[in-house]
Amino acid sequence: MLCAAVLWLAALLPAHPVQAASGDAPVAFPGAQGWAAHTPGGRGGRIIKVTTLAPEGPGSFAEAVQASGPRIVVFEVGGVIDLGMKTVRIDEPFLTIAGQTAPQPGITFIKGGLVVAAHDVVIRHIRVRPGDGGLPQRAGVDFDSITTTRGAVDVIVDHCSLTWATDENLSASSTRFAGESEAEWMQNASRRITFSNNILAEGLANATHAKGEHSKGSLIHDHVNDVLIVGNLYAHNYERNPLFKGGARGQVINNLIYNPGQRGIHYNLIAEEWLGHEYSRGQVVARGNVMRAGISTEELAFFSVGGSGDVDVFFEDNLSLDRIGRPLPMEGRYTTAPIDVAAMARAPALPFGVELLPSAEVQDAVVANAGARPWDRDDIDRRILADTIEGRGTIIDSQAQAGGYPQHEPTRQAFVPADWDLDTMEPLKPLPRREPLR
């Protein structure tokens, strides 16, 4: 039996959106990692209280995140926010979303997603479960649970539960060619992004996406750089666990990938999207990850390359196993193009705050710590984790195959500033816990 040992929560901190913070700057919250670790988020700004589960209007989450100026979004209500098949777009910088402040059962968004198009944003301890909204297959309406886009710099998505997306569960997207040179493309893309300790699961396969099958974990778009993907659970996603596209650069560390379909981690520069441009070289670092096959897993490799672009790689201490513990291939190709996959001579420096675990310890660490509010997990996360532990579960086409959208009675509790460290949004006393995972 594994018990759900818990790591706490929090949010925020300091840094400048475009420049790296100095080594003396405080971190966003204890345990913050990566190039974005020193973002201030909304630190020092006004506290905005979410007091309604309505998707819009006074006291709503949308009103809070669309306000201007540094701000910390806290919750005096718990339950489900139905976005009505819409996206909430975050265009204003210096924001902390502190889902840890919500009363039990926390906050779950359904039927929509979040887009971050601003710098210095910290998002913690929320659940986003878009689903198909009852629409027919190939309806042409699709959502990432959370994605960044151009303008997103110094962004952390930490301890969130992101499932049932009809595009990706969690992505760093951007503008492919913003500027005249590769240096400008890299500078103007989403960058300095951390995805840490999240559950990214059950991307819907044959749902509403116009292209058809689209069960995807994470897309790291062309030229997105300084991305850290650490401590996450990827479960029951057909592809993109994660995918780095042309020229993208980042590190994938201590993640647990369970029951991928036809791809684990992969790199793919799509030539058709680069017409008239010289190909950029990507970089993928993968250390201390575990990939376990499941019921939906096809023949695959831990890391594979497709498309046309060259990539530098560094792999260390990754485990890749079939359903009965036999080794799976570590590298593969799904292209005939003459791609140069070059092994880096030495390990790149670990991003800020990363303490590399040996792969043998990764499964238990991720199961104990990943997802929103690990002290107060909802039944969906509990099921996904139990299936991961016991080798069950499949890739699905609709949330209806997994019990349907959550239904919770609204709860209310006043936010008491004295109960929180307002610089980090860490609780100053223990939070109420549910019973451990059985």
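Numbering (mature numbering (1 follows the signal peptide of the UniProt record, and there is no 0)), first residue to last: -20 to -1, 1 to 418.
The beta-carbon is built from N, C-alpha and C at its ideal position, and this holds for glycine as well.
Problem set entry | Inter-residue spacing [alpha-carbon to alpha-carbon] between ASN269 and ALA380 | When rounded, the distance between both Cα atoms is 31 Å.
Exercise. What are the residues that DSSP puts in a beta bridge with THR315?
Worked result: DSSP, once it has assigned bridges, lists no residue as partnering THR315.
For this session: Kindly indicate the opening and closing residues of the alpha helix (DSSP H) around GLN343.
Result: 342 to 349
For this session: Would you grab the beta carbon distance between residue 422 and CYS140 for me? Rounded to a whole angstrom, and I think it's under 8 Å.
Result: The structure shown does not extend to residue 422, since the chain is modelled only from -20 through 418, so no value can be given for it.
Problem set entry | Helix, strand or coil at SER154 [DSSP, three-state] | Residue state, collapsed to three classes: coil.
Problem set entry | beta strand (DSSP E) segment containing ARG69, residue limits | Secondary structure note for ARG69: its beta strand (DSSP E) is the uninterrupted segment 57 to 70.
Problem set entry | Close beta carbons around GLU148, own chain, < 8 Å, minus the five adjacent residues each side | ASP124, SER125, THR127, GLY183, LYS196, GLY197, SER198, LEU199 and ARG220
Exercise. What did DSSP end up calling PRO307 once you bin it into helix, strand or coil?
Worked result: strand
Exercise. Which of the three DSSP states, helix, strand or coil, is assigned to ASN168?
Worked result: helix
For this session: Tell me ASN248's beta-bridge partners as DSSP assigns them.
Result: Paired residue(s): LYS225 and GLY286.
Exercise. Who are the Cβ neighbours of GLY159 in its own chain at under 8 Å, not counting the five residues just before and after it?
Worked result: TRP165, GLN167 and ASN168
Exercise. So does the segment 364 to 382 actually touch the segment 236 to 245, counting three or more Cβ pairs closer than 8 Å?
Worked result: yes
Exercise. DSSP beta-bridge partners for VAL210?
Worked result: SER176 and ILE233
Exercise. Closest by CA to ALA163, which one among ILE90, ILE28 and GLY227?
Worked result: GLY227
Exercise. Out of curiosity, what's the CA-to-CA distance linking THR129 and ALA97?
Worked result: 5 Å
Problem set entry | Local Cβ density within 10 Å of GLY274, reported as buried at 16 or more and exposed below that | buried
For this session: Please report how far the alpha carbon of ASP361 lies from the alpha carbon of GLU43, in whole angstroms.
Result: 28 Å
For this session: Tell me whether THR32 sits in a helix, a strand or coil according to DSSP, three-state version.
Result: coil
For this session: Label residue 437 either buried or exposed according to how many other C-beta atoms from any shown protein chain fall within 10 Å of its C-beta, with 16 as the threshold for buried.
Result: Look at the range of the chain in this structure, -20 to 418, and you will see that residue 437 is not part of it.
Problem set entry | Cβ-Cβ distance between ARG243 and LEU280 below 9 Å | yes
Exercise. Thinking C-alpha only, which one of ARG23, ALA34, GLU341 and ILE70 is nearest PRO50?
Worked result: With distances taken between Cα atoms, PRO50 lies closest to ARG23.
Exercise. The beta strand (DSSP E) spanning ARG107 covers which residue range?
Worked result: 107 to 109
Exercise. Pairing CB atoms from the segment 243 to 258 with CB atoms from the segment 183 to 192, are three or more of them under 8 Å?
Worked result: Contact fails: fewer than three Cβ-Cβ distances are below 8 Å.
For this session: Taking all protein chains shown into account, decide if LEU94 is buried (16 or more other Cβ within 10 angstroms of its Cβ) or exposed.
Result: Around the C-beta of LEU94, 16 or more other C-beta atoms lie within 10 Å, and the residue is accordingly described as buried.
For this session: Consult DSSP for TRP400 and reduce its assignment to one of helix, strand or coil.
Result: Note: TRP400 maps to strand in three-state DSSP.
For this session: Would you kindly report the start and end of the unbroken beta strand (DSSP E) that includes PHE295?
Result: 291 to 296
For this session: Return the chain-ordered list of same chain residues with a C-beta closer than 6 Å to the C-beta of ASP399, the five sequence neighbours on each side being excluded.
Result: LEU408
Exercise. Which residues does DSSP pair with GLU148 in a beta bridge?
Worked result: According to DSSP, GLU148 bridges with LYS196.
Problem set entry | 7 Å Cβ shell around LEU33 - same chain, five flanking residues per side excluded | Apart from the 5 residues on each side of it in sequence, LEU33 sits with its Cβ closer than 7 Å to the Cβ of VAL57, GLY59, VAL60, ILE61 and PRO390 in its chain, given in chain order.
Exercise. Do you know offhand how far ASP359's Cα is from ASN178's?
Worked result: 16 Å
Exercise. Is the CB-CB distance between TRP355 and ARG413 below 9 Å?
Worked result: yes
Problem set entry | Own chain, CB closer than 8 Å to LEU308, minus 5 neighbours either side, in chain order | MET271, ALA273, LEU280, ALA281, PHE282, SER300, LEU301 and ASP302
For this session: Would you list the one or two residues that DSSP bridges to GLY262?
Result: VAL291
Problem set entry | Per-residue DSSP class, three states only, for GLU160 | coil
Problem set entry | CB contact flag (ILE106, HIS216, <9 Å) | no
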